[in-house]
Amino acid sequence: MFLMNDGNKRKLTQFLLHEWQQDCSALMLLNRAEYFACDHQCFVLSSCDGKTTDSRSVPNLASSHEEAGTLLILHTIYSDQNIVTPDTDIIIRLPDTDVFLLMSAFCEHFTQSLYFDTGVRNKRIHTHANCL
Numbered sequence: 040m041f042l043m044n045d046g047n048k049r050k051l052t053q054f055l056l057h058e059w060q061q062d063c064s065a066l067m068l069l070n071r072a073e074y075f076a077c078d079h080q081c082f083v084l085s086s087c088d089g090k091t092t093d094s095r096s097v098p099n100l101a102s103s104h105e106e107a108g109t110l111l112i113l114h115t116i117y118s119d120q121n122i123v124t125p126d127t128d129i130i131i132r133l134p135d136t137d138v139f140l141l142m143s144a145f146c147e148h149f150t151q152s153l154y155f156d157t158g159v160r161n162k163r164i165h166t167h168a169n170c171l
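Quick note on the numbering used here: the sequence shown kicks off at 40 and runs consecutively.
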């Protein structure tokens with residue numbers, strides 16, 4: 040019930056972002072880049088030393104779209120264009136097929152391997168999207 044209220048979702052997202060931006064999250068973010076969308080902005084959280092947390096705005100991922108599928112496509116394209124480690128797989132976990140159908144139109148343009156992960160619990164399916 041709590042997450043059915045848009046105001047509650049927004050406040051929870053703001054709270055989580057604020058907490059993860061604290062240095063106490065640095066060890067969890069060590070040598071990682073976690074992207075966090077909140078209030079039409081996007082931040083990348085990371086830590087190089089496990090002691091301090093770096094939080095930077097990512098203007099290219101700022102969006103007013105409410106639809107999660109649209110945001111997922113935007114983030115996937117950005118990831119493909121900005122990944123610095125070669126041969127990195129991009130995995131999109133989907134609960135349904137609408138994003139799968141939209142992404143299938145873009146998959147031939149990706150330079151990294153793109154996989155769709157869908158299903159529930161032990162009935163998950165991993166599909167290599169570049170082969171579609």
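Ideal placement from N, C-alpha and C gives every residue a C-beta, glycine not left out.
Is Thr157 helix, strand or coil by DSSP? Residue numbering aside, residue 157 sits at position 118 when the sequence shown is read from its first letter. Thr157: strand per DSSP, three-state reduction.
Under DSSP, the alpha helix (DSSP H) around Leu110 begins and ends at which residues? The residue you call residue 110 lines up with position 71 of the sequence shown. Looking at the DSSP string, the run of the alpha helix (DSSP H) that includes Leu110 is Ala107 to Asn121.
Any idea what DSSP makes of Arg71, helix, strand or coil? By one-based count along the sequence shown, residue 71 stands at place 32. Three-state DSSP puts Arg71 in coil, outside helix and strand.
May I have the straight-line CA-CA distance separating Arg71 from Ser152, to the nearest angstrom? Start at 1 with the first residue of the sequence shown, and residue 71 comes out as number 32. Start at 1 with the first residue of the sequence shown, and residue 152 comes out as number 113. Their backbone Cα atoms lie some 19 Å apart in a straight line.
For Phe41, which residues in the same chain have their Cβ closer than 7 Å to its Cβ, ignoring the five residues on either side in sequence? For the purposes of this step, residue 41 is taken as the residue at position 2 of the sequence shown. Contacts found: Asn47.
Any heavy atom of the ligand MN closer than 7 Å to the beta-carbon of Asp126? No copy of the ligand MN appears in this structure; indeed no ligand is present at all.
With DSSP collapsed to three states, give me the class of Gln53. Translated into positions along the sequence shown, residue 53 becomes position 14. Residue state, collapsed to three classes: helix.
Rounded to the nearest angstrom, how far is the Cβ of Phe82 from that of Ser96, given a contact under 8 Å? Start at 1 with the first residue of the sequence shown, and residue 82 comes out as number 43. Start at 1 with the first residue of the sequence shown, and residue 96 comes out as number 57. With a Cβ gap of about 6 Å, Phe82 and Ser96 count as contacting.
Looking only at DSSP bridge pairs, what is His167 linked to? Counting from one through the sequence shown, the residue named residue 167 turns up at place 128. His167 pairs with Tyr154.
Which of the three DSSP states is assigned to Asp45 in this structure? As a working mapping, residue 45 is identified with position 6 in the sequence shown. Looking at Asp45 - three-state DSSP - the assignment turns out to be helix.
Rounded straight-line distance, which links the Cα of Asp88 to that of Ser94: To locate residue 94, count along the sequence shown from 1; it is residue 55. To locate residue 88, count along the sequence shown from 1; it is residue 49. Computed Cα separation, rounded: 14 Å.
Span of the beta strand (DSSP E), counted from its first residue to its last, around Asp93: Residue mapping note: residue 93 aligns to position 54 of the sequence shown, counting from 1. Asp93 to Ser96 is the span of the beta strand (DSSP E), which, as asked, contains Asp93.
Sequence-distant residues of its chain with Cβ nearer than 7 Å to Asp137 (five each side left out): Walking along the sequence shown from the start, residue 137 turns up at place 98. Once the five neighbours on either side are set aside, the close Cβ partners of Asp137 are Gly108.
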